[in-house]
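Taking the UniProt record's numbering, I'd label the letters of the sequence shown as residues 1 to 550.
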Amino acid sequence: MHNVPPDTASLASSPLFQPIYGASRLESLERSYQRAIAIGKHYRLTTADIHTLSERFWASHMDALMLVDIAAYYILSIQWNLVAGTIAPFVEGRPDLKPLMESLLTMEVFGDFMLTELDHGLDAKNLETTATRQPDGSFVLHTPRPGAAKFMPPTMPIVNVPRVGLVMARLIVDDEDRGIRAFVVPLNDGRTMCRGVTSVLLPAMKGGDALDHALTSFNKVSLPADAMLGSLAKPAQMRQHFLALIHRVGVGALSANLVLVPGLKLATRVPIISFRTQQLPILHALAHTAMIQPFATELISRFCDSTNSPSDRQAIGVICKAVFIQHGQQSFASLIERCGAQGMFDHNQLFNLEGHIRALSIMEGDVLVLCIRLATELLLGRCSVPAARHPCSLLARHEAGLLAENRDLLRTMPHGHRSEKYNNLILPRCRPLVEAIGHRMAYDAALDAGVDRDLLSLYEAGVVQLDASWYVEHGLLSRMEIVSMEEQAADAILPRLEGVLDRLEPQVHCTAPLGSASRWGEFLDQLTVYKGESGYRRSEAAEDRRGRLT
1 MHNVPPDTAS LASSPLFQPI YGASRLESLE RSYQRAIAIG KHYRLTTADI HTLSERFWAS
61 HMDALMLVDI AAYYILSIQW NLVAGTIAPF VEGRPDLKPL MESLLTMEVF GDFMLTELDH
121 GLDAKNLETT ATRQPDGSFV LHTPRPGAAK FMPPTMPIVN VPRVGLVMAR LIVDDEDRGI
181 RAFVVPLNDG RTMCRGVTSV LLPAMKGGDA LDHALTSFNK VSLPADAMLG SLAKPAQMRQ
241 HFLALIHRVG VGALSANLVL VPGLKLATRV PIISFRTQQL PILHALAHTA MIQPFATELI
301 SRFCDSTNSP SDRQAIGVIC KAVFIQHGQQ SFASLIERCG AQGMFDHNQL FNLEGHIRAL
361 SIMEGDVLVL CIRLATELLL GRCSVPAARH PCSLLARHEA GLLAENRDLL RTMPHGHRSE
421 KYNNLILPRC RPLVEAIGHR MAYDAALDAG VDRDLLSLYE AGVVQLDASW YVEHGLLSRM
481 EIVSMEEQAA DAILPRLEGV LDRLEPQVHC TAPLGSASRW GEFLDQLTVY KGESGYRRSE
541 AAEDRRGRLT
């Protein structure tokens with residue numbers, strides 16, 4: 001059955017996916033693109049998978065193989081969700097787009113989603129790139145100034161595979177601005193840039209496998225009439241039209257962060273288990289992993305529910321992103337610290353993955369900005385979130401308390417959410433509020449899914465510690481009771497830790513040399529070794545120094 005996610009264990013053990021240490025930036029990039037091609041061909045996603053958000057689509061974003069090369073994951077996430085996902089709704093009415101979709105899904109062409117500009121990130125609706133319609137129906141795509149260059153999408157020629165960009169530009173017809181449209185633009189043929197397209201390779205980002213991020217500009221590039229997606233007519237509602245055009249960014253708020261499901265599983269395999277200060281980071285990461293799996297399943301189900309409004313779906317994506325990023329940052333930071341110097345090396349995967357979590361917090365919308373928007377909509381009563389199924393739980397009471405507290409605070413502000421008071425007092429509380437909603441939803445999902453009660457208790461204890469003063473202030477728990485919650489849950493899990501770990505993903509996707517003696521030996525075999533026969537002595541060093549002084 002096509003809907004059954006394919007087994008990628010064979011790919012993980014193939015030569016292409018084995019770690020190579022000391023490679024140059026270009027060599028690493030080329031390997032990442034080759035890996036993305038291999039994974040894409042292995043999954044064989046269809047236009048229907050992309051458009052309907054099939055089980056296979058979601059599974060591809062949670063495949064543990066993606067942890068071997070996060071750069072390859074980014075390539076595929078852009079290709080599948082943003083590029084193919086934006087084109088997919090147009091294919092039925094545009095048969096000429098079918099060959100392009102087929103090329104994207106078979107990885108014969110790389111696709112780039114080109115929305116943000118150097119001077120327009122969070123305010124992308126104000127982008128300046130223009131596509132001016134000509135008398136013959138064609139278009140001229142142009143970057144009017146350096147600040148309007150497309151910022152971040154990777155556009156350089158690589159591995160002899162052509163690249164096309166889905167470029168968001170302002171449609172100009174008869175000197176009238178008709179809003180933003182998507183244009184299919186050839187960028188390069190895999191070897192050389194196309195005429196009028198300039199790609200400036202940016203320095204590599206630190207803290208993880210980096211893509212070939214670039215600044216891309218267009219100098220009066222001619223495009224055929226069929227390059228544009230959508231109608232020439234001016235939209236009645238510009239904002240709604242823009243949001244509909246970039247609707248796959250909302251999908252990405254959920255899908256792009258699903259890689260943290262296998263990521264947290266990998267993190268629990270770090271062998272640092274002697275003392276309680278070392279045990280707790282692993283145990284809490286394990287608890288996060290246990291919660292995130294059923295939480296992700298429920299979020300996907302709610303996101304795909306056609307009865308939910310676009311704002312409901314957007315809220316689900318934001319809640320997912322807020323909680324996944326928070327738990328990922330918390331787990332990886334603690335584990336890296338407890339691994340000492342070993343945790344700082346990219347080859348042990350932890351530091352690498354932590355860097356990518358920082359990148360994920362910005363991808364598909366800055367997590368803080370998204371939380372501010374969602375929390376504000378909630379406080380104003382413009383949207384809602386799923387109700388608590390276990391309203392007497394500690395986390396549900398915390399969520400309800402924060403909502404009530406912020407609503408009461410908002411009522412004291414004569415000028416409402418546009419006031420300086422709101423900016424000073426409520427904006428800093430927005431992200432913790434959204435996270436609290438997510439914690440409760442994750443707890444509900446895990447409890448109903450029958451997750452191990454000890455892991456559930458440890459998760460609850462860890463979340464309570466994030467805002468311990470609230471529980472103490474409201475008389476629900478004392479400080480020592482909060483400490484005791486964690487201790488009792490950890491004591492219950494530790495004796496059967498190996499059994500719990502064995503139920504996670506196979507170790508074939510873990511490449512960290514730190515994880516096993518055999519991988520450490522293979523790692524050492526690839527390192528540069530310096531040996532020699534010099535008989536240099538300290539006395540010679542002293543003589544050399546005296547000689548230089550005389």
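Even glycine gets a Cβ: it sits at the ideal position worked out from N, Cα and C.
Worksheet item: Of all the beta strand (DSSP E) runs that stay within the bounds of the region 74-114, which reach a length of 3 or more residues?
Response: List check, beta strand (DSSP E) in window: 110-114.
Worksheet item: Roughly how many angstroms separate the alpha carbons of Ile-272 and Leu-280, rounded to a whole number?
Response: Position 272 of the sequence shown holds residue 272. Position 280 of the sequence shown holds residue 280. Residue placement at Ile-272 is poorly supported in this model, since its pLDDT is 49, which falls under 50; the coordinates still yield a value, given next. Their Cα atoms are separated by approximately 10 Å.
Item to complete: Specify whether the region 176-195 and the region 224-232 touch according to this definition: at least 3 beta carbon pairs, one from each stretch, less than 8 Å apart.
Response: Using a C-beta cut-off of 8 Å, the region 176-195 makes contact with the region 224-232, since at least three inter-stretch Cβ pairs fall below that distance.
Worksheet entry | Three-pair Cβ contact test at 8 Å for the region 434-451 versus the region 286-295 | As far as the Cβ criterion goes, the region 434-451 touches the region 286-295, which means the pair count is three or higher.
Item to complete: Starting from the Cα of Val-159, find the closest Cα among Leu-258, Tyr-33 and Ser-199 and give me that residue.
Response: To locate residue 159, count along the sequence shown from 1; it is residue 159. Ranked by how close their Cα comes to the Cα of Val-159, the residues Leu-258, Tyr-33 and Ser-199 have Tyr-33 in first place.
Worksheet item: Buried or exposed: where does Ser-306 fall if 16 or more other Cβ atoms within 10 Å of its Cβ makes it buried?
Response: As a first step, residue 306 must be located in the sequence shown, where it is residue number 306. Exposed: under 16 other Cβ atoms inside 10 Å.
Item to complete: Determine the contact status of Glu-364 and Lys-321, defining contact as a CB-CB distance below 9 Å.
Response: Here residue 364 corresponds to residue number 364 of the sequence shown, with the count starting at 1. Here residue 321 corresponds to residue number 321 of the sequence shown, with the count starting at 1. Note that the C-beta distance between Glu-364 and Lys-321 is below 9 Å.
Discussion item. According to DSSP, simplified to helix, strand and coil, what is His-142?
Written reply: Locating residue 142 in the sequence shown gives position 142, where the first residue counts as 1. Annotated three-state conformation of His-142 is strand, per DSSP.
Discussion item. Buried or exposed for Arg-302, going by 16 or more other Cβ atoms inside 10 Å?
Written reply: For the purposes of this step, residue 302 is taken as the residue at position 302 of the sequence shown. Buried, since its Cβ has 16 or more Cβ neighbours within 10 Å.
Practice prompt. Give the straight-line distance between the Cα atoms of Val-4 and Cys-304, rounded to the nearest whole angstrom.
Written response: As a position in the sequence shown, residue 4 is number 4, starting the count at 1. As a position in the sequence shown, residue 304 is number 304, starting the count at 1. Bear in mind that a pLDDT of 48 at Val-4, under 50, signals an unreliable position, so the model cannot answer this.
Fill in: Contact check, Val-185 vs Met-107, beta carbons under 9 Å
On the sequence shown, residue 185 is found 185 positions in, with the first residue counted as 1. On the sequence shown, residue 107 is found 107 positions in, with the first residue counted as 1. A distance of 9 Å or more separates the beta carbons of Val-185 and Met-107.
Practice prompt. In the DSSP assignment, find the unbroken beta strand (DSSP E) run with Lys-150 in it and report its ends.
Written response: Translated into the one-based positions of the sequence shown, residue 150 becomes position 150. 150-152 is the span of the beta strand (DSSP E), which, as asked, contains Lys-150.
Worksheet item: Taking 8 Å as the cut-off, does the CB of Leu-283 come closer than this to any heavy atom belonging to the ligand ATP?
Response: In terms of ligand content, the structure shown is empty, and the ligand ATP therefore cannot be addressed.
Practice prompt. From the DSSP output, in three-state form, read off Met-62 for me.
Written response: Numbered from 1 along the sequence shown, position 62 holds the residue referred to as residue 62. Reduced to three states, the DSSP call for Met-62 is coil.
Worksheet item: Do you know how far the Cα of Val-483 is from the Cα of Ile-282?
Response: Translated into positions along the sequence shown, residue 282 becomes position 282. Translated into positions along the sequence shown, residue 483 becomes position 483. In this structure, the alpha-carbon of Ile-282 lies about 17 Å from that of Val-483.
Item to complete: Spatial neighbours of Arg-431 within its chain, please: CB distance less than 7 Å, with the 5 preceding and 5 following residues excluded, ordered by chain position.
Response: Indexing the sequence shown from 1 puts residue 431 at position 431. If we look at Arg-431 and ignore the five residues flanking it on each side, its Cβ neighbours are Ala-322, Leu-368 and Cys-371.
Worksheet item: For the 8 Å Cβ check, are there 3 or more pairs between the region 389-405 and the region 427-441?
Response: Three or more Cβ pairs closer than 8 Å define a contact, and the region 389-405 meets that threshold against the region 427-441.
Discussion item. In whole angstroms, give me the CA-to-CA distance for Leu-410 and Val-434.
Written reply: For this step, residue 410 is matched to residue 410 along the sequence shown. For this step, residue 434 is matched to residue 434 along the sequence shown. The alpha-carbon of Leu-410 is positioned some 16 Å away from that of Val-434.
Discussion item. Check this for me: beta carbons of Leu-16 and Gly-40, under 9 Å apart or not?
Written reply: For the purposes of this step, residue 16 is taken as residue 16 along the sequence shown, with counting starting at 1. For the purposes of this step, residue 40 is taken as residue 40 along the sequence shown, with counting starting at 1. Cβ distance not < 9 Å, so Leu-16 and Gly-40 don't count as in contact.
Worksheet item: Cβ of Ala-36 within 9 Å of Cβ of Leu-11?
Response: For the purposes of this step, residue 36 is identified with residue 36 of the sequence shown, where counting begins at 1. For the purposes of this step, residue 11 is identified with residue 11 of the sequence shown, where counting begins at 1. No, the Cβ-Cβ distance between Ala-36 and Leu-11 is not below 9 Å.
Fill in: Cβ neighbour criterion (16 or more within 10 Å) applied to Leu-260
Taking the sequence shown and counting its residues from 1, the one referred to as residue 260 is at position 260. Taking a 10 Å sphere around the C-beta of Leu-260, we find 16 or more other C-beta atoms and assign the residue as buried.
Discussion item. In the DSSP assignment, the beta strand (DSSP E) including Ala-131 goes from what residue to what residue?
Written reply: In the sequence shown, the residue the question calls residue 131 occupies position 131. Run containing Ala-131: 130-133, per the beta strand (DSSP E) assignment.
Item to complete: Following the continuous alpha helix (DSSP H) through Met-480, name the residue where it begins and the one where it ends.
Response: Taking the first residue of the sequence shown as 1, we reach residue 480 at position 480. Here the alpha helix (DSSP H) through Met-480 covers 479-493.
Practice prompt. Output the residue ranges of the alpha helix (DSSP H) runs that lie fully inside the region 411-481 and measure 4 residues or longer, sorted by chain position.
Written response: Secondary structure within the region 411-481: the alpha helix (DSSP H) runs of 4 or more consecutive residues, fully enclosed, are 427-448, 453-466 and 468-473 (chain order).
Worksheet entry | Straight-line gap, Asp-219 to Met-238 (C-alpha atoms, nearest Å) | In the sequence shown, residue 219 corresponds to position 219, counting from 1. In the sequence shown, residue 238 corresponds to position 238, counting from 1. The question names Asp, but residue 219 in the sequence shown is Asn. Cα to Cα, the separation comes out at about 26 Å.
Worksheet item: In the DSSP assignment, what are the bridge partners of His-120?
Response: Start at 1 with the first residue of the sequence shown, and residue 120 comes out as number 120. DSSP lists Glu-117 as the beta-bridge partner residues of His-120.
Worksheet item: In its own chain, which residues sit with a C-beta less than 7 Å from the C-beta of Asn-126, not counting the 5 before and 5 after it?
Response: The residue given as residue 126 occupies position 126 in the sequence shown. By the criterion of a C-beta distance shorter than 7 Å, Asn-126 is surrounded in its chain by His-120, once the five residues flanking it on both sides are discounted.
Discussion item. Using a Cβ distance threshold of 8 Å, determine whether the region 242-254 contacts the region 308-317, with at least three qualifying pairs required.
Written reply: Counting Cβ pairs under 8 Å, three or more are found: they touch.
Discussion item. Rounded to the nearest angstrom, what separates Ala-375 and Arg-429 at their Cα positions?
Written reply: Along the sequence shown, one-based indexing puts residue 375 at 375. Along the sequence shown, one-based indexing puts residue 429 at 429. Rounded to whole angstroms, Ala-375 to Arg-429 spans 9 Å at the Cα level.
Item to complete: Find the nearest neighbour of Arg-145 within the set Leu-215, Leu-100, Phe-332 and Leu-82, judged by alpha-carbon distance.
Response: Within the sequence shown, the letter at position 145 stands for residue 145. Comparing Cα-Cα distances from Arg-145 to each of Leu-215, Leu-100, Phe-332 and Leu-82, the minimum goes to Leu-215.
Item to complete: Go ahead and label Glu-420 buried or exposed: buried means 16 or more other beta carbons lie within 10 angstroms of its beta carbon, across all protein chains shown.
Response: Residue 420 sits at position 420 when you count from the first residue of the sequence shown. Classification of Glu-420: exposed, given that the 10 Å Cβ count is below 16.
Worksheet entry | Closest Cα partner of Arg-373 within the set Gln-330, Ile-426, Arg-389 and Ala-23 | What you label residue 373 is simply residue 373 of the sequence shown in a count that begins at 1. Of Gln-330, Ile-426, Arg-389 and Ala-23, the residue nearest in Cα terms is Ile-426.
Practice prompt. Provide the residue(s) that pair with Phe-183 in DSSP beta bridges, ordered along the chain.
Written response: Within the sequence shown, numbered from 1, the residue matching residue 183 stands at position 183. For Phe-183, the beta-bridge partners assigned by DSSP are Val-167 and Met-228.
Discussion item. For the region 124-139 against the region 61-70, do three or more pairs of beta-carbon atoms, one drawn from each stretch, fall closer than 8 Å, so that the two count as touching?
Written reply: With a cut-off of 8 Å, the region 61-70 and the region 124-139 do not count as touching, because too few Cβ pairs lie within range.
Worksheet item: In three-state DSSP terms, what is Asn-126?
Response: Locating residue 126 in the sequence shown gives position 126, where the first residue counts as 1. Three-state DSSP puts Asn-126 in a helix.
Worksheet item: So, is Pro-154 buried or exposed, given that buried needs 16 or more other C-beta atoms within 10 angstroms?
Response: Taking the sequence shown and counting its residues from 1, the one referred to as residue 154 is at position 154. So Pro-154 counts as buried.
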